[in-house]
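Residues in the sequence shown are numbered from 1 upward in steps of one, following the UniProt record's numbering.
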Amino acid sequence: MFASLSATPNHPKSPRAPRRHRHWRAKSRFLCAGRCITGGEGECPIAALGGVSGASVATWICLLLPSLLYFGIALPHLYQSWASRPPALFPASLLLFASTVALLLATCCSDPGIIPPRQLIVATGRREHLRDLLGHDLLGGQEPCGDPYEDALRMVSDQLRQQGYRWCHTCKIVRPPRASHCKDCDHCVLRFDHHCPFVNNCIGQRNYHFFIGFTTSAMLFAFVALPAILWTFSKPNDSDDSVTEAALPWYRLIVLVSCGVVAVCAALLVLLWLYHLFLAFSGKTTKEHRRRLDVRSEPTFFAARGPALVDPNDWVDEAALFAQSS
Ligand SMILES: [Zn+2]
Ligand SMILES: [Zn+2]
């Protein structure tokens, strides 16, 4: 269905020509010289961390803090307490931790399936190339007049509209079926599932596998690590005199509250995983299921990622870009 992105279209390259990621006007941000992209979450920004959202910081804390307790205290405590040490426990839990971190990073920092906006398609000369990839002209064959209602009618043919193609008046493109505009990131995304503040990225066609892999791996790691942490901290060791008699009620209260918070987080993670398992088998995205959109069920998790439509190192014709922007 898709052609390879390596088939570079003909457009002028000059050593001084600016790269696309330097002209990115959406809220999403390119990192590491364009190698990574993350969302444009604006809520609870932490300026010291370069505007990282509070929700994504909370995700990393919820992953790293219990991991520290598990590998630093609970696992050595288990190995001391158990007469027969299970040799596979440490490598298995280390593997689950590593895969959870890797898949979370991949979900946070990979292209969810961004469709470039009109001015960048023109300025990078990739119109024909994107037409070959997607099977339709994103620019719609004529110039938009600027009126969202009129453009919605005249830029999309009846035939395409019946197939689910829609006009995005923000990006000024004809987006394919199941794509949607993310207002948090300010761009359209292929087979948009939802915008996740906890990973500060859209979840779409190209990072859905990473997202499902992350929730699966995190849930399995929680099943291994949380019981060990709770068992270790539920009562002080008989030989441990660090908790005095007077402090014991407070110790138990803190452990009880911590257990409650951890149990709620683990239960929510399991529910999220079950919900996406249901979506994967019903062939719907989160948005389609929540809004009860009458779409034909097609594979989501079981479909291919498809090629990237945005190359951050594309060469940009600045004159064409400014002409489009003005
Ligand atoms: Zn859009
Ligand atoms: Zn988004």
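For glycine and all other residues, C-beta sits at the position ideal for the given N, C-alpha and C. Treat the numbers as computed from the prediction; the structure is a model and nothing was measured.
> Is it true that the segment 219-235 meets the segment 173-185, where meeting means three or more beta-carbon pairs spaced less than 8 angstroms apart?
Replying inline: Short answer: they don't touch.
> From what residue to what residue does the alpha helix (DSSP H) around His169 run?
Replying inline: Here the question's residue 169 lines up with position 169 in the sequence shown. His169 -> no alpha helix (DSSP H), and no H or E assigned at all.
> Using the C-alpha atoms, what's the distance from Thr170 back to Val101?
Replying inline: Indexing the sequence shown from 1 puts residue 101 at position 101. Indexing the sequence shown from 1 puts residue 170 at position 170. Taking the straight line from one Cα to the other gives about 34 angstroms.
>> With the cut-off set at 9 angstroms, would you say Gly39 and His195 are in Cβ contact?
In response: In the sequence shown, counting from the first residue as 1, residue 39 sits at position 39. In the sequence shown, counting from the first residue as 1, residue 195 sits at position 195. Result yes, Cβ atoms of Gly39 and His195 sit closer than 9 angstroms.
> Would you say the beta carbon of residue 337 comes nearer than 8 angstroms to a heavy atom of ligand 2?
Replying inline: The shown model of the chain, from 1 to 326, leaves out residue 337, and the question about it has no answer.
>> Considering only the alpha carbon of each residue, which of Leu253, Gly213 and Ser28 lies closest to Leu277?
In response: Numbered from 1 along the sequence shown, position 277 holds the residue referred to as residue 277. Comparing Cα-Cα distances from Leu277 to each of Leu253, Gly213 and Ser28, the minimum goes to Gly213.
> Which residues in the same chain as Phe322 place their Cβ atom closer than 7 angstroms to its Cβ, once the five residues preceding and following it in sequence are excluded?
Replying inline: The sequence position of residue 322 within the sequence shown is 322, counting from 1. Hits under 7 angstroms: none found.
>> So, does the segment 137-152 touch the segment 81-92, judging by three or more C-beta pairs under 8 angstroms?
In response: Judged by pairs of C-beta atoms under 8 angstroms, the segment 137-152 does not touch the segment 81-92, as fewer than three such pairs exist.
> Would you call Gln163 buried or exposed, if buried means 16 or more other Cβ atoms sit within 10 Å of its Cβ?
Replying inline: The residue you call residue 163 lines up with position 163 of the sequence shown. Only exposed fits Gln163, as fewer than 16 other CB atoms lie within 10 angstroms of its CB.
> For Arg127, does the three-state DSSP call read helix, strand or coil?
Replying inline: In the sequence shown, the residue the question calls residue 127 occupies position 127. Assignment of Arg127 by DSSP, reduced to helix, strand and coil, places it in the helix class.
>> Can you tell me which residues fall inside 5 angstroms of ligand 2, judged by beta-carbon distance to its nearest heavy atom, and keep chain order?
In response: Spelled out in chain order, the answer is Gly39, Cys182, Asp184, Cys185, His195 and Cys202.
> Just how far apart, CA to CA, sit Cys109 and Ser28?
Replying inline: Against the sequence shown, residue 109 aligns to sequence position 109. Against the sequence shown, residue 28 aligns to sequence position 28. Between the C-alpha atoms of Cys109 and Ser28 there is a straight-line separation of about 10 angstroms.
> Can you tell me the Cα-Cα spacing of Ser84 and Arg206, whole angstroms?
Replying inline: Locating residue 84 in the sequence shown gives position 84, counting from the first residue. Locating residue 206 in the sequence shown gives position 206, counting from the first residue. Taking the straight line from one Cα to the other gives about 45 angstroms.
>> Check for me: the alpha helix (DSSP H) holding Arg35 runs from which residue to which?
In response: Looking up residue 35 in the sequence shown gives position 35. That residue, Arg35, is in no alpha helix (DSSP H); it is neither H nor E in DSSP.
>> Just verifying my parser: in three-state terms, what is the DSSP assignment at Cys259?
In response: Position 259 of the sequence shown holds residue 259. In this structure, Cys259 counts as helix in the three-state DSSP scheme.
> What is the rounded straight-line gap between the Cα of Ile254 and the Cα of Gly260?
Replying inline: Reading the sequence shown from its first residue, position 254 is the one you call residue 254. Reading the sequence shown from its first residue, position 260 is the one you call residue 260. Going by the C-alpha atoms only, they are around 10 angstroms apart.
> By DSSP, does Trp250 sit in helix, in strand, or in coil?
Replying inline: In the sequence shown, residue 250 corresponds to position 250, counting from 1. Assigned with DSSP and collapsed to three states, Trp250 falls in helix.
> In the structure shown, what three-state DSSP assignment does Arg161 receive?
Replying inline: Along the sequence shown, one-based indexing puts residue 161 at 161. When DSSP states are grouped into helix, strand and coil, Arg161 belongs to the helix group.
> The beta strand (DSSP E) with His187 in it runs from where to where?
Replying inline: For this step, residue 187 is matched to residue 187 along the sequence shown. From DSSP, the beta strand (DSSP E) with His187 extends over His187 to Val189.
> Would you say the beta carbon of Ile37 comes nearer than 8 angstroms to a heavy atom of ligand 1?
Replying inline: Start at 1 with the first residue of the sequence shown, and residue 37 comes out as number 37. Outside the cutoff, so no.
> Taking the alpha-carbon positions, what's the Thr300 to Asp193 distance?
Replying inline: Counting from one through the sequence shown, the residue named residue 300 turns up at place 300. Counting from one through the sequence shown, the residue named residue 193 turns up at place 193. Approximately 9 angstroms between the Cα atoms of the pair.
> Taking the Cβ atom as the reference point for each residue, do Val270 and Ile229 lie within a distance shorter than 9 angstroms?
Replying inline: Position 270 of the sequence shown holds residue 270. Position 229 of the sequence shown holds residue 229. Their beta carbons are not under 9 angstroms apart, which means Val270 does not touch Ile229 by this criterion.
> On the three-pair Cβ rule with 8 angstroms, is the segment 214-226 touching the segment 60-78?
Replying inline: With the cut-off at 8 angstroms, the segment 214-226 and the segment 60-78 touch.
>> Please identify the residue among Glu150, Gly113 and Ala152 whose C-alpha is closest to the C-alpha of Leu133.
In response: Working through the sequence shown from its first residue, we reach residue 133 at position 133. Nearest C-alpha to Leu133: Gly113.
> Does any heavy atom of ligand 4 sit closer than 8 angstroms to the C-beta of His187?
Replying inline: Among the ligands present in this structure, namely ligand 1 and ligand 2, ligand 4 is not found.
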